[in-house]
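Residue numbers for the sequence shown follow our numbering, so the first one is 427 and each next one is one higher.
Glycine included, C-beta positions come from ideal geometry on N, C-alpha and C.
Quick caveat, the model's predicted, so the values are computed rather than measured.
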Amino acid sequence: MSVAQSLYEGVALPEGQVGLISYMRTDSLSIAASAVAEARRTIGERFGADFVPDKPNAFRNRSRGAQEAHEAIRPSSFARTPDSLRGHLKADELRLYELIWKRAIASQMTPARFDQVGVDVSAGRYTLHAGARKRVF
């Protein structure tokens with residue numbers, strides 16, 4: 427929690443002290459509309475339009491006791507990629523920021539796609555099935 431707190435309060439970057447993530451003591455799954463728009467723009471630029479869904483993904487909290495007083499944990503700017511912060515953050519800060527950045531981006535992408543193959547082999551009264559799938563995105 428202390429690592430997340432330091433990312434929230436701000437770290438020293440060339441442009442000054444910058445808070446890198448939204449408030450981290452939250453149980454909310456919602457993201458501000460402006461952040462969703464920025465995430466979708468980033469996805470289109472980095473991965474291509476095929477990976478931006480027709481409409482933004484929205485998630486509901488299924489927990490009865492959820493307070494949802496703050497939005498979900500997300501980067502304050504998707505333009506600050508983990509790679510752009512390498513050398514400016516401690517190792518733990520970078521690992522946590524990378525997790526937050528990737529999960530927030532993934533939450534607004536199209537679902538993963540897989541190539542799938544299966545084979546059935548019969549010998550007498552036995553049939554064996556083997557299958558594999560490979561993620562293509």
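Going by other Cβ atoms of all chains shown within 10 Å of its Cβ, with 16 needed for buried, is Q534 buried or exposed? buried
Distance between V478 and S460 (C-alpha atoms, nearest Å): 16 Å
Whole-Å CB distance - R500 paired with A530, under 8 Å assumed: Contact annotation, R500 with A530: C-beta distance approximately 4 Å; criterion of less than 8 Å satisfied.
Would you kindly report the start and end of the unbroken beta strand (DSSP E) that includes D553? Note that residue 553 is Thr in the sequence shown, not Asp. First-last of the beta strand (DSSP E) with T553: Y552 to R561.
Assuming L522 and V429 are in contact, meaning their beta carbons sit under 8 Å apart, how far apart are those beta carbons, in whole angstroms? 5 Å
Quick one: residues in its chain with C-beta nearer than 7 Å to the C-beta of R512, no 5 flanking neighbours on either side, listed in chain order? L520
Between the CA atoms of R467 and K560 - distance to the nearest angstrom: 27 Å
Inter-residue spacing [alpha-carbon to alpha-carbon] between T553 and V543: 17 Å
Span of the alpha helix (DSSP H) around D509: P508 to L511
Since G470 is in the alpha helix (DSSP H), which residue starts that stretch and which ends it? A459 to F473
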